[in-house]
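Going by numbering that gives the first Met the number 0, 223 is the number at position 224 of the sequence shown; the sequence numbering is gapless.
Comments concern the structure below.
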Amino acid sequence: MIDLFLIVLFSIAGLSIGCITGLIPGLHVNTISLLILSSIDTFVIILQPLGVQETFLVTLIGVFIAALALVHTFVNIIPATFLGAPDEDVALSILPAHKLLLRGKGYEAVTLSAFGSFGALVVSTALLVPFKFILSDPLNLYTILNENMFWILLAVVILMIATEKPKEKKTFYTTFKVFSAAATVIVLSGVFGLLIMDLPINSPLSLPSSILFPALAGLFGMSTQIHSLRYPAPIKAQTFTEPHFTEREKHSTIFSILLGTLAGAFVAIIPGITAATGTIMAMSARGETDERQTIVTLSAVNTANVFLVVAILFILEKARSGAAVALSNILLVEEWNETMPPLTLIHLLISLLVAGAFAYPLTCMLGKKLAKHINSVPYTQLIKATIVVLIVLTFLFTGLLGLFILMVATAIGLIPLTLGVRRNHCMGVLILPLMLHFL
């Protein structure tokens, strides 16, 4: 019983830190996990007064990391909605969440995201055992997917372009024009991604750095804010009613969660694929453009990815994220060969479920508090303040080179707005380098 109590206690501790990492753009959970890994001996010494075996102490640290990683996927929608400041997992959510914010539904955007995350947690738990047998023996889906990744990503790009629709009357010329514009944005952002991926990025304050932060902040965050500054649309008074779904929308939302969970599983399996890429695949496959369903799908992808990455560690004995790398280095990872998961995995699954149960209402509560205060600031001033925040964060985390990347990425991010195509084509910044990696 004391073991279960400690697992819940450390899950709640991870929940607290996950809220902080989720609310601060640029502070990625993978970085925190690796910092914990580098200080593991210190943590063990600090926790020794608990009077439990050292093997269980490191399990508790693993429980902390797992809970932190999961809660981050719930909370990171908040800065994406109210600041337009992304990490790579939620870059696509800025666009639909910002639309809802302008219509007075910022709280709804946060609630939809939390619902999508929690739904994915439930579905992932239900599918965990079948997932194990599909992925490894006897079906070995992992090998099949890995061998055909280039063609899968090429199909995603074709779907992204093919689902673009002209704003004017549909003719051969307007269709060709919009397809060409979409392809241009994908290629341009992809070349940009190839050019920046290996650049040496450093923080002037020695903070954890990621080349993707200024790139995605420019492509999706800064470009959105500058466009809003040029064409201001004041934020309507925020409403705080819970999302209402028609019968058809309920079915669509359930389908979004299922599809997002499957895409999250795909992201967890294949190295180098991000949650944003998984979302593009899911949304392109169903041809869905509704912003509410996009938010639900993306959140489901993110949360399912974290949940299943933990399982992958025991199914394939492969670490697919910074958090999983930390877990693999501190835990005794036993391969999952039987129907029942290994005991260590069961402990981690308990922590994920406990953290998710608390994270859902907590995310909604934090979203409501921010939404209540958003109208107290004039819209133009809010946009300018957000731009300043993005610039300051970019400099603090990535220095002068990061500011240059932010500037170029912002210019590219404004192109789809000018050409009248969807901005998710800017995810070419990740897709094209991945295609070349798997070629």
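Don't be surprised by glycine CBs; every beta carbon is placed ideally from N, CA and C.
Note that this is a predicted model, so its numbers are computed, not measured.
Asked                                                                                        : Found
Contact set for VAL156: own chain, Cβ-Cβ below 7 Å, skip 5 residues either direction         : ILE185, ILE430
Pairwise C-alpha distance: TYR106 and ALA12                                                  : 26 Å
CA-to-CA distance, MET434 to GLU87, given in whole angstroms                                 : Any reading at GLU87 must be qualified, since the residue scores a pLDDT of 49, below 50, and its modelled position is unreliable; the value itself is stated next. One C-alpha to the other measures close to 18 Å.
Beta-carbon gap between GLY277 and ALA108 smaller than 9 Å                                   : no
Distance between ILE225 and GLY427 (C-alpha atoms, nearest Å)                                : 21 Å
CB of ARG291 within 9 Å of CB of PRO242, strictly                                            : yes
Identity of the residue in ARG422, LEU400, LEU5, LEU3 nearest PRO211 by Cα                   : For the record, residue 211 in the displayed sequence is Leu; it is not Pro. Of ARG422, LEU400, LEU5, LEU3, the residue nearest in Cα terms is LEU400.
LYS169 burial status per 10 Å Cβ neighbour count (16 or more: buried)                        : exposed
Where the alpha helix (DSSP H) containing GLN47 begins and where it ends                     : Premise fails: GLN47 is in no alpha helix (DSSP H) and is neither H nor E.
Reduced DSSP category for PRO415 - H, G, I as helix; E, B as strand; rest coil               : helix
Among THR245, GLY419, SER298, nearest to LEU261 - alpha-carbon criterion                     : SER298
Proximity to VAL300 [Cα-Cα], best of ILE151, ILE76, MET406                                   : ILE76
Cβ contact (3+ pairs, closer than 8 Å) linking the region 400-409 and the region 110-127     : no
Which listed residue (PHE265, GLU334, ILE279) has its alpha carbon closest to that of LEU315 : GLU334
CB contact flag (ILE31, PRO78, <9 Å)                                                         : no
Contact check, VAL309 vs LEU36, beta carbons under 9 Å                                       : no
9 Å Cβ cutoff met for GLY412 and SER255                                                      : no
Closest residue to ILE234 among THR379, SER320, PHE396 (Cα-Cα distance)                      : THR379
Alpha-carbon to alpha-carbon, PRO213 and ILE373                                              : 25 Å
Reference ALA236; option with closest CA among LYS371, LEU258, CYS363, ASP2                  : LYS371
Cβ pair HIS346, VAL43 closer than 9 Å                                                        : no
For ILE64 and ALA322, believed in contact at Cβ under 8 Å, the rounded distance              : 5 Å
Distance CB(PHE437)-CB(MET148) smaller than 9 Å                                              : yes
Residue closest to VAL57, alpha-carbon to alpha-carbon, out of PHE265, LEU187, PHE73, THR343 : THR343
Within 9 Å, strictly: CB atoms of LEU307 and ALA264                                          : yes
Cα-Cα separation between PRO415 and LEU46, rounded to whole angstroms                        : 52 Å
Rounded separation between THR385 and THR409 - CA only                                       : 14 Å
Nearest-angstrom Cα separation, counted from PHE394 out to LEU49                             : 41 Å
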